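Input: a single structure, listed below in structure tokens.
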Amino acid sequence: MDRRKYPFPILAVSGLLIKDNKILLVKRKCPPSIGRWSLPGGVVEKGEKLKDAIKREFLEETSLSVEVIKLLTVYEKIDLQEDKIGYHYVILLFLLSLTGGSLKANDDAREACFFSKNEILKLPLTDGLIEVLKNILEKI
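This is the structure in structure tokens:
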């Protein structure tokens with residue numbers, strides 16, 4: 001019996017934008033992890049280049065224009081739903097620089113805000129985000 005709701009892993013991108021020593025997070029409006037804070041990002045569309053995908057997702061969710069500096073890491077998010085694997089995301093995390101726009105939550109983000117590292121520890125985050133942040137912040 002197939003235990004997966006979606007038959008294959010899903011390719012996604014997320015972005016780390018740091019401004020004044022604070023990290024940009026969005027509060028999710030859509031599944032998975034509704035109401036939790038996460039890095040902006042989303043699913044790569046068919047035929048879309050990875051750098052174009054993160055630029056599009058950032059603009060859609062935050063109204064900000066960004067450029068990719070470098071790839072930081074690749075990680076996975078596996079979401080269990082009852083006895084099935086609901087989602088299995090393979091996520092490429094990019095370090096970004098701000099090129100324009102004014103911060104405003106859009107699309108599938110309820111809120112968008114910059115937080116200090118200490119503030120982030122007190123937020124309801126998507127599963128595994130704190131570990132990802134700890135690993136990458138040591139490297140940059």
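Here UniProt numbering is used: the first residue of the sequence shown is 1, the next is one more, and so on. Backbone N, C-alpha and C fix where the C-beta goes; we use that ideal spot for every residue, glycine too. What you are looking at is a predicted structure, and each value in this text was computed from that prediction instead of being measured.
Which listed residue (the options) has its alpha carbon closest to that of residue i
{"i": "S14", "options": "I85, Q81, L137, T73", "result": "T73"}
{"i": "I23", "options": "A12, I120, Y75, G128", "result": "I120"}
{"i": "A109", "options": "P9, E45, S33", "result": "S33"}
{"i": "L95", "options": "S102, L103, K55", "result": "K55"}
{"i": "residue 141", "options": "I85, V132, D83, C113", "result": "Because the chain here runs from 1 to 140, residue 141 falls outside it and cannot be looked at."}
{"i": "residue 142", "options": "E45, I18, T99, P9", "result": "Any answer about residue 142 is impossible in this case: the structure gives the chain only from 1 up to 140."}
{"i": "P124", "options": "D20, P7, F8, K27", "result": "K27"}
{"i": "I136", "options": "Y75, L64, P9, K122", "result": "Y75"}
{"i": "E67", "options": "L25, E138, D52, N118", "result": "D52"}
{"i": "C113", "options": "S63, L71, E48, I140", "result": "S63"}
{"i": "L25", "options": "K134, K139, A105", "result": "A105"}
Span separating the alpha-carbon of residue i from that of residue j
{"i": "I91", "j": "L11", "result": "6 Å"}
{"i": "L50", "j": "E60", "result": "15 Å"}
{"i": "V43", "j": "G101", "result": "22 Å"}
{"i": "C30", "j": "G128", "result": "18 Å"}
{"i": "F58", "j": "P7", "result": "27 Å"}
{"i": "T99", "j": "Q81", "result": "38 Å"}
{"i": "D20", "j": "G47", "result": "35 Å"}
{"i": "E103", "j": "S65", "result": "Before going on, a small fix: residue 103 reads as Leu here, not Glu. Between L103 and S65, the C-alpha separation is close to 10 Å."}
{"i": "G35", "j": "T126", "result": "9 Å"}
{"i": "W37", "j": "I130", "result": "11 Å"}
{"i": "I140", "j": "D79", "result": "28 Å"}
Beta-bridge pairing of residue i - partner residues as DSSP gives them
{"i": "D79", "result": "Y87"}
{"i": "G15", "result": "F94"}
{"i": "L24", "result": "F114"}
{"i": "I10", "result": "Y89"}
{"i": "S38", "result": "V26"}
Exposed unless 16 or more other CB atoms sit within 10 angstroms - verdict on residue i
{"i": "S97", "result": "exposed"}
{"i": "P40", "result": "buried"}
{"i": "residue 141", "result": "Outside the displayed range of the chain (1 to 140) lies residue 141, so it cannot be described from this structure."}
{"i": "Y87", "result": "buried"}
{"i": "L16", "result": "buried"}
* Jot down the residue ranges of each uninterrupted alpha helix (DSSP H) in the region 41-128, minimum 4 residues, whole runs only, in chain order. => The qualifying runs are 50-62, 117-120.
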